[in-house]
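S.K.: In our numbering, the protein residues as written are 701 to 857.
Just so you know, even glycine gets a beta-carbon here, dropped at the ideal spot from N, CA and C.
A single structure is presented below for examination.
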């Protein structure tokens, strides 16, 4: 009887130790996203080739494309309504989770909970969208021979 207990305890301990930390293996595909690696072969750390910043191994986790797209759409709605960025994590996220849990099921709730809606994430999404719009407008202006610009001179004071 005591042998069975020891075997069960040892397997539960080994299961816990396996789930502690996941190390993602660097692949050459990361180079197309602007990342290379630094460090020894046992613990490769991603490095941005643009700014040289070293990131943690957890930073290389990928978000599902639909969760990323949903995060950008929520950021767009927050920006268009000129709301505080924290509304994503304080109101929109919990409201979506409550609706999905009530109408659908817990599995769907788990999927929705993966959409990143933190204050910093929403701020980064809005800034990225603004930069993309700026780049598109500048590219269109550069490709035109003539253009006109209408400016509203109202003061915001």
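(1) When DSSP labels each residue in this structure, what does residue 747 get in the three-state scheme?
(2) Are there three or more Cβ pairs, one per stretch, closer than 8 Å when the stretch 796-806 is compared with the stretch 822-841?
(3) Are the CB atoms of residue 815 and residue 771 nearer to each other than 8 Å?
(4) Rounding to the nearest angstrom, what Cα-Cα distance links residue 775 and residue 830 in this structure?
(5) Find out if the Cβ-Cβ distance for the pair residue 822, residue 793 is shorter than 8 Å.
(6) Where does residue 704 sit, in a helix, a strand or coil, going by DSSP?
(7) Of all the alpha helix (DSSP H) runs that stay within the bounds of the stretch 784-857, which reach a length of 4 or more residues?
M.R.: Concretely, from the data shown:
(1) strand
(2) no
(3) yes
(4) 11 Å
(5) no
(6) Summary for residue 704: the model assigns pLDDT 45, below 50, so the residue's position carries little reliability, and this model does not support an answer.
(7) 793-803, 806-812 and 819-842
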